[in-house]
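As C-alpha cells, the structure follows; a few thoughts come after it.
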Ligand code: 5GP
Ligand code: ZN
C-alpha cells in the first residue's frame, strides 16, 4: 500500500519516534508548526476519521491516552496543548492515514477559521 505513515510504521521510512506500543505510534512531525508537534497514529491503516468503526473505539481511546502521556512527558500538560484531526479536503488532510496532531510548547493562536 502506498501510504507514508504505514511505511513509517514498517520502518521503511525513518521517523523520530517518541512513543510506541502494540497499537499506536507517535513521531515528530517533519514540518513542525509549533515547538512541540507530534503525530499520533494507529498502526492499523485507517484513512480518515470517517472510516473509524465501532470496533475501533478502544484504539481511538489509546490515541488520546498516548497524546496525554506524551504531553505530560514533554511537560506541557499544565500550560496546555491542542489535539487536531484534519478530515478530508476541506479539513486540510494531506496524509490519508488517521493521525492526531499534538501541538504545544507555546501559546497557540485562535483556531476557528
Ligand atoms: P494532515 O494535513 O494530513 O493533517 O497532516 C499531515 C502531517 O504529516 C503534516 O503536518 C506533515 O508535515 C506531516 N508529514 C508528511 N509527511 C511526513 C513524513 O514523511 N514524516 C513525518 N514525520 N511527517 C510527515
Ligand atoms: Zn497507512
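Numbering (the working numbering), first residue to last: 27 to 139. Idealized CB from N, CA, C, for every residue including glycine.
Quiz prompt | Start and end residues, beta strand (DSSP E) containing residue 100 | solution = It is not in any beta strand (DSSP E) - residue 100 carries neither H nor E in the DSSP assignment.
Quiz item: Can you name, in chain order, every residue of its own chain whose Cβ lies under 8 angstroms from the Cβ of residue 90, other than the five neighbours on each side?
Solution: 109 and 126
Quiz item: How many angstroms separate the CA atom of residue 119 from the CA atom of residue 113?
Solution: 5 angstroms
Exercise. May I ask you to report which of helix, strand or coil DSSP gives residue 124?
Key: coil
Quiz item: How would you call residue 93, buried or exposed, if buried means at least 16 neighbouring beta carbons within 10 angstroms?
Solution: buried
Quiz item: Can you find a heavy atom of the ligand 5GP that lies under 7 angstroms from the Cβ of residue 38?
Solution: no
Quiz item: From 107, 31 and 77, pick the residue whose C-alpha is nearest to that of residue 133; which is it?
Solution: 107
Quiz item: Do residue 71 and the ligand ZN come close, with the Cβ less than 7 angstroms from some heavy atom?
Solution: yes
Self-check item: Given residue 51 as reference, the closest of 60, 130, 124 and 137 once Cα atoms are compared
Solution: 124
Quiz item: Near residue 130, what residues of its chain come up, given a Cβ to Cβ distance below 8 angstroms and the 5 sequence neighbours on each side ignored?
Solution: 60, 61, 62, 97, 100, 102, 105, 106, 107 and 108
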